[in-house]
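See structure below.
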Amino acid sequence: MWRRSASFILDKREDASSQQEPLTLSPSQITAPAMTETLRNPSTNVSAYYQTRAAHYGVITSDWLSQAQAAVGQHSVENEVRSSSSNAVDSGSGRPFSVIEEFNNWRKQPDLAEAVAAIRALAAVIRSSEATTMMELEIELKKASDSLKSWDTTSISLTAGCDLFMRYVTRTSALEYEDFNSAKSRLIERAEKFGEISCKARRIIAMLGQDFIFDGCTILVHGFSRVVLEVLKTAALNKKLFRVFCTEGRPDRCGLRLSNELAKLDVPVKLLIDSAVAYSMDEVDMVFVGADGVVESGGIINMMGTYQIALVAHSMNKPVYVAAESYKFARLYPLDQKDMAPALRPIDFGVPIPSKVEVETSARDYTPPQYLTLLFTDLGVLSPSVVSDELIQLYL
Amino acid sequence: MEPRRNLRTVIDPKVRKVGFFAPPDRSQSVLPDPISAAVSAVQVSSSSPSGNMLSPVMIPPPRHHSDTLIPSQPSTRPVLHPVVPSSYTAASEFSPTAASSYTNGSRFPVDVDDGSFSPGRLAKGNSVKVLASSVPTVSLVIKPSNMEAADIPGVELQNDQHGDANLPKEKLSKAERRVLQESQRAAKTAARVISAEASKGSAGTSGAAPAKASKSVSKRSDNVSVAASEKKSGDRPVEKERKKDIPQPRMQYDDTSRVEKAKRRAVVKQTEARNRVELFRHLPQYEHGSQLPDLEAKIFQLEPMHPAVYKVGLQYLSGDISGGNARCIAMLQAFQEIIKDYSTPPEKTLSRDLTAKISSYVSFFTECRPLSVSMGNAIRFLKNRIAKLPLTMPESEAKTTLQSDIDQFINEKIVVADKVIVSHSVTKIKDGDILLTYGTSSVVEMILQHAYELGKQYRVVVVDSRPKLEGQLLLRRLVAKGITCTYIHINAISYIMHEVTRVFLGASAVLSNGTVYSQVGTACVTMVAHAFQVPVLVCCEAYKFHERVHLDSICSNELGDPDAIANIPCGKELSFPDRGAKSENLQFLNLIYDVMPSDYISTIITDYGMVPPTSVPVIVREYRREHIWI
Amino acid sequence: MPDVHSLVNEFILKLKKRKVEGSQATARLAAVLLRSVISQQRIGYTNQAGALIDAVKAVGEQLVAANPVEIAVGNIVRRVLHIIRDEDLSLTTAAMAGLNLSAVSDDDDDDTSPDDHPVLSAAAVAAAARSTLRPPSLQSLLEDMPDSAAVPHTSSSGGDSEGKSKSADKNSRSRKLKHDVIEAVNELIQDIDTCHEQIAEQAVEHIHHNEVILTLGSSRTVLQFLCAAREKKRSFRVFVAEGAPRYQGHLLAKELVARGLQTTLITDSAIFAMISRVNMVIVGAHAVMANGGVIAPVGLNMVALAAQRHAVPFVVLAGSHKLCPLYPHNPEVLLNELRSPSELLDFGEFSDCMDFGSGSGSPLLHVVNPAFDYVPPKLVSLFITDTGGHNPSYMYRLIADYYSADDLVLQRKAAPST
């Protein structure tokens, strides 16, 4: 894998130079060549999840931005092309409806969480389903969710969202709705409401989290997280006086975007390069991070760099707070950093990297629970040990 | 097992000897022939291991070693002999037979071992701890009554007690060893002088002796009574007694009827004089209050004691002079007086006689209050200077040299060193800092004042603790200067620490493994500072560095007046009105020092600059090379 | 009613003047007071539980405001609220089980959706409603998310529907609810009374022969715990740190000695020196927070740090009335009580220093005398409560058992629970 990725970087470089397009903004060129009938993630080298993230949150310098804007037209066209082609592929494979297609469409909306998109996609499956019994429907859904999960194994909230919905479906069928159609409509209704639920979850988290922000505190934030932004926004609206340190968040530099957002709220912000965390930690009162997924141990999987920030914070006795919606709770149990499906992402170093040089392209790391202080979720403020409790309750 | 024991007794005979000398002597009263006593002891010990295997306490009777050792020192034994019964008269009343007190005596050394070598967890065995502390006290009992010949054990004991001064020398160079020998010899003579002096007064009045004597006697009697009650039939063979002893610790757990019995026995034990904390039985516990008037009354009886020394000693005792530097300077100035008034007696050399004299004074100081490391180092310096004096030098010249040497020491090692430390330290204070200090330290106070004079804007948090409440004095002085202060009690340290930016502390000694020996509570302060990532700066002159190492605060410490703990400033209803009744279950522990681990310390500021705690051995080495052994 | 008012006011006054010492006494008094509030509360036919809750909440708010530092009061108020909800629910369930048809026919304002069919059993409704008593969970995430925001409403809705459906049952039901609630509150009071004994019962499991135990300050729980071990014929030794500036340790030492325990009184500063010879630290708490952190008498954080340094178990004894469902970073809990400086310094001696200003007018001397310390959960080895021993990481579960999620916020009016 790593060999390929190394050469991949070079290939990418050529591509980028030829197309004048920023690397991280080019999911299409990465995905396009790999689009196959297997319905697998188009490129095994690059995490689709992180492509989306980069596309949504990646912040770029102004010339980058102009380049990117120039590229957008081409981009969307390509997307359409791709979607039609994949549609063709799907119809070719004899399926009237592609869950992945649906998912990808939902995913495009920048404000929609991955899990929401997944559940919406599954709802679409239900809608288009011709099953006549609950059992059939369940089997169909299972298939769809499996294909969805295998399409992007790197996205934890996708997996968690699918699991959550499947669990709900099973429980609902267990609730003995006599009428299949009413059960079906209820499922669909619930699924469509899920987007709302997710937004509400974010608001709950914001309310819970802002309690912990006290006047005069300094908060370190890593990466871009909608939830964290919501928390900070709520605190700012509640007239809390605080200061935020944003890490730059290489390689997609999503920290820049967060700092922009915060500056709009008139919150004092200071940008740090990712490596300045330990240097500034003594000024920091608390660390706020989002999470891609919350795993069974109570630890989190999040953007690369979270682990080292948590380590630094822990060694300096600073609290690390995680803001994460409960649908990100996943039945995973990574034991160490390498014990999870790697999410790869190309990195732009700005200079050519010789082919002999290996590049670590993992996009995320795992932070064990002992380095986390509390999790703010829509289920309430939880200590890491509660995550397992919730998951056990759900899947028991 | 056997050889190891032997080794121990050989290595450290002074302690053990005194503790268990009595029993053999008593045994001798039963077995008049010393050889047969030794033989019987051997028999006992050779037979005991089989039965002893289970109990860690039951070590082959060291009495056996003492017996085998003593013949090699024929002079000491007969001398000691008369002493012991006197302190044991009470004991023998309780013991039904001689044999029982014999076995019981034979357990003393075991206890001593426990006390001095493994002061670890308390859970060793009940009988042990009761006795462990009898060691140092006995020496004081002995001293006055056998004037001439008690010198060797007595002096050795003293050396042991003020180990500050002498202990390190044991592993030094040849020259050093010579100095040591000389000083020891001198000390012996000095001790002889002292004990003679002391005996001139009413028996057992030197320093803490009276209280101790009575105490130790009562304690012994208690021990014996306990032991006697344990051994219901005293005429049982010794071996059986031992065997019976072995399962004891188990009994308490298993069999309920025996648990009851054991409990009752335990209660008996508890009701005996246990008002000293078991863990600290190896440390001298002075009865404050009774000491001072006694000593004051003796002022005209202790003839050869120089008045300057006497004065300083009294000041130590009453606590008028405290703090490492102050005590050291007071002592050195007293020595200057001595040297000024000194004239070499006929047929003696100045260096020998003066060293001896100084040693005698030092032991007096030790009785007033255990020496600090700084004092030990200063004494070492002075003795070294005396020893270095050329024999040919005329007396007057030698005296002036020594006096100027002392002046130089005070100036260089303390006054100038403090200035250097202050100049280093103020660079670490910046505007807006919140500095925390604990207790009082003269250097830290100088630093704070100097920084204030430099116009730095900072705030001071003065942390204080009972029972001394020294911080209030510092607080008063700082506030009078106009420095903004916050005053808290040590318990509130976690509350205040998050706003503190620097912790400045003094130290009474810095030990070679980087630990800092300082006023009790300092370790707590640094621990909390460490937890809050606040840098800890320890300010300490290089002459307080020492090559000794400590891991905890138990092994080496000083005990203050326990009554100081019992008396609370404000709460009347909380204080102990029945303190006079002295419930045996209640003890008060007033530790003076504690040891802070080196990992809590960011830097040690000395006259050599700012060094990490890992460099303490380097400073010790350099210091020695520069100032002592030139 | 005026009777209750005067009672409430009296208690509030006591709290304000800090006349009530110890969280157990406070908790008990609060529970007794709330009981009389409930018994005097006249409740209508509909929404009885809601009325009770409102009454208790109103009183509770005043009590908490009177002394926000005495966390036990708030805990008891929440416990009582939880009891009301619980009793209401069980009554509803029972009633529904009896009147299955009528109960489900109009439960449209209950959180099950209009699609529900009569077949939906009462048990299912109860289960759904019970989940509203618990904090929201992943399970219910998809199910009743939209409704759960209005939980207070739903929990009283059982009464509503009931009121509509069967009026003959009303009177007996309303009396029953009140009766049950008062019974349950009595049980709670009893629990508070016996919590020391129940904690002390576990002493033998934790204290063994020849152990050395360190404690700081005074706590009745600790005293009884140690004495219980002593009564079980364990011989051990106790180091008591005096706990300046209140010197409660002297009190404890006196008590321990009176009961024949080997006791050594040490200064607080000697804790670090002594801890290396200690087998276990046993202390009481002022309050236990939801994350397992402890609000404890001042000085205990230092003890906990020292214990951690020497790997000595740090055991906290706390009755369940001390469990607080809040997190320590919540501003309302961050409150520490600052006591009078006169406990530290003699005013007579230092009054001159306190006055002369440094030009800016601010006094040169500040005296800080906090009453409490916060001990973070990672420093606590074990909690021993009247329900057994628990890890700090499990405290959340106990809290979920004792409190309803909606009652967490007592003070803020019109709390935006979304």
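Residue numbers (the numbering used here), protein chains in the order written: chain A, 1 to 396; chain B, 397 to 1026; chain C, 1027 to 1444.
Glycine residues also receive a C-beta, built at the ideal position from the N, C-alpha and C atoms.
Contact under 8 Å by Cβ, C156(A) with D365(A): Counting from one through the first sequence, the residue named residue 156(A) turns up at place 156. Counting from one through the first sequence, the residue named residue 365(A) turns up at place 365. Sequence inspection shows Ile at residue 156(A); the Cys mentioned does not correspond to that position. Taking 8 Å as the Cβ cut-off, I156(A) and D365(A) do not qualify as a contacting pair.
Spatially closest choice to I725(B) from Y996(B), K940(B), V991(B) and S756(B), by CA coordinates: Working through the second sequence from its first residue, we reach residue 725(B) at position 329. Checking every option, the nearest Cα to that of I725(B) belongs to K940(B).
Within chain D, the residues that I1297(C) reaches when beta carbons sit closer than 7 Å: Among the chains of the structure shown, chain D does not appear; the protein chains present are A, B and C.
Residue-chain proximity (R1104(C), chain A), Cβ-Cβ < 8 Å: For this step, residue 1104(C) is matched to residue 78 along the third sequence. Judged by the 8 Å Cβ criterion, R1104(C) is not in contact with chain A.
Inter-residue Cα distance where the pair is V1012(B) and V1304(C): The count along the second sequence starts at 1 and reaches residue 1012(B) at position 616. The count along the third sequence starts at 1 and reaches residue 1304(C) at position 278. Each residue's alpha carbon lies about 30 Å from the other.
Segment contact flag, the region 335-342 of chain A with the region 250-258 of chain A, C-beta cutoff 8 Å, min 3 pairs: no
Where V386(A) meets chain C, residues with beta-carbon distance less than 7 Å: Taking the first residue of the first sequence as position 1, residue 386(A) is located at position 386. Y1422, listed in chain order.
Of the residues E1096(C), V1106(C), I1097(C) and P1094(C), the one placed nearest A1081(C), counting alpha carbons only: On the third sequence, position 55 is the one that residue 1081(C) refers to. Among E1096(C), V1106(C), I1097(C) and P1094(C), the Cα nearest to that of A1081(C) is on V1106(C).
First through last residue of the alpha helix (DSSP H) which encompasses K707(B): If you number the second sequence from 1, residue 707(B) lands on position 311. Element bounds for K707(B): P703 to S714.
Start and end residues, alpha helix (DSSP H) containing A201(A): Your numbering for residue 201(A) matches position 201 in the first sequence. Note, A201(A): alpha helix (DSSP H), F180 to Q210.
Beta-carbon proximity check, N981(B) vs L1391(C), cutoff 8 Å: Position 585 of the second sequence, counted from the first residue, corresponds to residue 981(B). Position 365 of the third sequence, counted from the first residue, corresponds to residue 1391(C). Against a cut-off of 8 Å, the Cβ pair of L1391(C) and N981(B) comes out as no contact.
C-alpha distance - V1324(C) paired with L1291(C), whole-angstrom precision: In the third sequence, the residue the question calls residue 1324(C) occupies position 298. In the third sequence, the residue the question calls residue 1291(C) occupies position 265. Going from the Cα of V1324(C) to the Cα of L1291(C) covers about 17 Å.
Within-8 Å CB hit, N1317(C) to chain A: Translated into positions along the third sequence, residue 1317(C) becomes position 291. So, interface residue.
Pick from L1078(C), R1335(C) and R1246(C) that is closest to I1110(C), judged by C-alpha positions: Within the third sequence, the letter at position 84 stands for residue 1110(C). Out of L1078(C), R1335(C) and R1246(C), L1078(C) has the C-alpha closest to the C-alpha of I1110(C).
CA nearest to the CA of D1432(C), picked from A1316(C), F1262(C) and R1104(C): Locating residue 1432(C) in the third sequence gives position 406, where the first residue counts as 1. Closest by alpha carbon: R1104(C).
Per DSSP, cross-strand counterpart(s) of L164(A): Working through the first sequence from its first residue, we reach residue 164(A) at position 164. Beta-bridge pairing links L164(A) to no other residue.
K852(B) (DSSP reduced to helix, strand or coil): The sequence position of residue 852(B) within the second sequence is 456, counting from 1. K852(B) falls in the coil class under three-state DSSP.
Extent of the continuous beta strand (DSSP E) to which T1413(C) belongs: For the purposes of this step, residue 1413(C) is taken as residue 387 along the third sequence, with counting starting at 1. Element bounds for T1413(C): n/a, residue is neither H nor E.
Nearest candidate by alpha-carbon position, reference L1117(C), set I1038(C), H1031(C) and H1205(C): Locating residue 1117(C) in the third sequence gives position 91, where the first residue counts as 1. For the residues I1038(C), H1031(C) and H1205(C), the minimum Cα distance to L1117(C) belongs to H1205(C).
Distance, L1039(C) Cα to G1243(C) Cα: In the third sequence, the residue the question calls residue 1243(C) occupies position 217. In the third sequence, the residue the question calls residue 1039(C) occupies position 13. Cα to Cα, the separation comes out at about 27 Å.
From C920(B), Q915(B) and C936(B), residue whose alpha carbon lies closest to that of I988(B): Residue 988(B) sits at position 592 when you count from the first residue of the second sequence. Ranking C920(B), Q915(B) and C936(B) by Cα distance to I988(B) puts Q915(B) first.
Reduced DSSP category for H222(A) - H, G, I as helix; E, B as strand; rest coil: Stepping through the first sequence from its first residue, residue 222(A) is reached at position 222. Note: H222(A) maps to strand in three-state DSSP.
Residue-chain proximity (A1431(C), chain A), Cβ-Cβ < 8 Å: Residue 1431(C) sits at position 405 when you count from the first residue of the third sequence. Yes, its Cβ sits closer than 8 Å to a Cβ of chain A.
Residues, ordered as in the chain, of the region 264-291 of chain A that lie near chain C by beta-carbon distance below 7 Å: none
Distance between beta carbons of V1341(C) and I1410(C), contact taken as under 8 Å: By one-based count along the third sequence, residue 1410(C) stands at place 384. By one-based count along the third sequence, residue 1341(C) stands at place 315. The pair is a contact, with the Cβ atoms about 6 Å apart (cut-off 8 Å).
Counted within 10 angstroms of its Cβ, other Cβ atoms place L1060(C) as buried (16 or more) or exposed: Here residue 1060(C) refers to the residue found at position 34 when the third sequence is read from its first residue. Buried: at least 16 other Cβ atoms inside 10 Å.
Exposure label - G216(A); buried when at least 16 CB within 10 Å: Here residue 216(A) refers to the residue found at position 216 of the first sequence. G216(A) should be labelled exposed.
With 16 other Cβ atoms within 10 Å as the buried cut-off, status of S462(B): Here residue 462(B) is taken as the residue at index 66 of the second sequence, counted from 1. Reliability fails at S462(B), whose pLDDT of 40 lies under 50, so the model's placement of it is uncertain and no value is given.
Residues of the region 101-131 of chain A whose Cβ lies closer than 7 Å to any Cβ of chain C, in chain order: none
Assigned secondary structure, V912(B) (DSSP; H/G/I helix, E/B strand, else coil): Numbered from its first residue, the second sequence carries residue 912(B) at position 516. Reduced to three states, the DSSP call for V912(B) is strand.
Own chain residues within Cβ distance below 7 Å of P1008(B), not counting five before or after: As a first step, residue 1008(B) must be located in the second sequence, where it is residue number 612. Same-chain partners within the cutoff: T999.
Contact set for K1404(C): own chain, Cβ-Cβ below 7 Å, skip 5 residues either direction: As a working note, residue 1404(C) is residue 378 in the third sequence. Hits under 7 Å: none found.
Within-8 Å CB hit, V1207(C) to chain B: In the third sequence, the residue the question calls residue 1207(C) occupies position 181. Chain B, which has no Cβ nearer than 8 Å to the Cβ of V1207(C), makes this no.
S1419(C): contacting residues in chain A (beta-carbon distance under 7 Å): As a working mapping, residue 1419(C) is identified with position 393 in the third sequence. Under the 7 Å cutoff, chain A gives S383 and S385.
Boundaries of the beta strand (DSSP E) in which A1077(C) is found, first to last residue: The residue labelled residue 1077(C) in the question sits at position 51 within the third sequence. Note, A1077(C): premise wrong, no beta strand (DSSP E); alpha helix (DSSP H) at Q1074 to A1092.
Through-space distance from E325(A) to L241(A), alpha-carbon basis: Locating residue 241(A) in the first sequence gives position 241, where the first residue counts as 1. Locating residue 325(A) in the first sequence gives position 325, where the first residue counts as 1. L241(A) and E325(A): Cα-Cα distance of roughly 25 Å.
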